[in-house]
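First residue of the sequence shown? That's 1 in the UniProt record's numbering, and the numbers climb one at a time after it.
C-beta atoms are modelled at their ideal positions from N, C-alpha and C, and glycine is treated no differently.
See structure below.
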Amino acid sequence: MEIWESSCIFIFSTIIKNKLANVLSMKKVCPSLFVSLVEQTNDAVFILRVEAEKRRFIIEYVNAAYLRKFSHTAEELIGKDLKEILNAEKYELVSKQLFSCVNCKSPLSYEETIALNNETLFSLSEAFPILDDNQEVTHLIGLSKDVTALKRQQALLYESENTLQAIINSSDYITLFIDPGFRIIYANTAAQHHARRLLGKPYKVGDLIMNYLTPEQQKTAAMHFDDILLSKAKNHVFEYHFTYPDGEKVWLLRKYYSASDAHGNYLGVVINSVNITQRKKNELEIQKHAEALREIAKIQSHEIRRPVANIIGLTEMINTHKPQELEEIVAHLHKSALELDEVIKQVITKTYNFNV
């Protein structure tokens with residue numbers, strides 16, 4: 001955000017400088033054209049006569065935009081010392097900038113906050129010194145650019161950025177943003193916590209992400225980055241298993257996906273990791289249950305049928321054999337009953353373990 005703000009200030013400053021250069025050039029050629037241009041601009045323009053010894057700035061000219069902006073008439077301003085127009089606090093701030101411009105004899109940009117009609121306005125102003133033949137500053141030409149709308153948009157962007165960052169940081173997802181040069185641009189709170197646990201140190205913005213990976217991980221990451229950069233794939237999703245130094249075993253669902261701006265320009269890669277350890281444990285538990293069910297089904301279909309068939313056969317023999325042969329049949333029947341009891345115990349045990 002600071003880079004964006006500085007860029008905007010630089011652009012506006014450049015516009016002001018170019019406009020002022022054009023104004024001064026036209027003034028030398030034709031005063032009427034100079035006045036016409038200055039009067040038509042929406043930027044507030046003012047000319048101050050510098051009385052350095054008396055530390056005074058006398059207003060010699062203001063354009064129509066200046067009068068509209070500050071709700072003054074030319075008669076109220078022309079010939080007046082700037083100190084007479086501004087309150088003491090405001091004059092101290094503005095005069096400090098103007099004297100700095102006089103002393104360094106070069107253009108100076110500064111921002112102003114203006115309270116006007118119960119409204120706070122923001123201006124980007126520039127003072128441009130005019131030197132005489134002795135290289136002394138005789139006048140200052142000032143331009144004031146209204147950047148209130150820009151500041152309000154900036155505030156909205158700050159608010160949006162803070163809200164988005166709060167949302168990302170409140171998430172349990174590990175999120176990293178890597179630029180095309182493999183450098184870390186952003187790491188959320190969960191990512192920093194992960195790095196401290198795994199590596200003993202946080203991610204540092206500007207560092208190469210490869211410095212935090214093992215050689216094998218570097219190869220995998222480079223392959224994913226290259227594929228995304230070459231548009232072979234929009235994202236890569238895979239499961240990753242590792243153990244923290246404290247002994248905790250963790251499963252992550254890791255996703256690499258491309259990040260682009262509103263114009264489709266490639267900005268880098270977002271790495272998003274979700275902890276799926278509990279899900280993997282549940283899957284393992286389901287696999288164990290399924291195996292237990294298969295074992296129970298096997299017992300029911302094979303192991304139980306054998307002793308039951310023996311018992312049925314022995315009971316039929318009781319009806320057809322002589323009494324003296326019954327003792328041996330009963331012994332076999334008892335053996336088959338014990339075998340059936342053992343199989344039933346196995347089923348009960350496996351069913352209990354399954355429920356647990």
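*To which residues of the same chain is T113 closer than 7 Å at the C-beta, ignoring the five residues directly before and after it?*
T120, F122
*At which residues does the alpha helix (DSSP H) containing E248 begin and terminate?*
Counting along the chain, E248 falls outside any alpha helix (DSSP H), and DSSP gives it neither H nor E.
_the segment 175 to 184 contacting the segment 257 to 271, beta-carbon criterion three pairs below 8 Å_ = yes
_Given this structure, state the Cα-to-Cα distance separating T220 from E295, to the nearest angstrom._
40 Å
*Run the CB neighbour count on L77, radius 10 Å, all protein chains shown included, and call it buried at 16 or more, exposed below.*
buried
*For S25, I'd like the list of residues in its chain whose CB is within less than 6 Å of its CB, leaving aside the five on either flank, ordered along the chain.*
For S25, the predicted structure reports a pLDDT of 48, less than 50, and the residue's modelled location is therefore unreliable. A value from the coordinates is still provided. Within the same chain, S25 has no close Cβ partners at all.
*Buried or exposed: which applies to S273, given that a residue is buried once 16 or more other Cβ atoms fall within 10 Å of its Cβ?*
buried
*State the Cα-Cα distance for the pair R196 and L213, rounded to the nearest angstrom.*
14 Å
_For the structure I just gave you, are there three or more beta carbon pairs, one from the segment 44 to 58 and one from the segment 80 to 96, closer than 8 Å?_
yes
*By a C-beta neighbour count over all protein chains shown, 10 Å radius and 16 as the cutoff for buried, is E136 buried or exposed?*
exposed
*Alpha carbon to alpha carbon, how far is I344 from L284?*
27 Å
_T148 versus A115: straight-line alpha-carbon distance, rounded_ = 12 Å
*If we call anything under 8 Å between Cβ atoms a contact, is L124 one with K90?*
no
*Cutoff 8 Å; reference D246; Cβ partners in own chain excluding five residues on either side*: R197
*Cα separation between Q217 and I209?*
11 Å
*Give me the Cα-Cα distance between L108 and K204, rounded to the nearest whole angstrom.*
36 Å
*Taking the continuous alpha helix (DSSP H) assigned at E159, which residues delimit it?*
148 to 170
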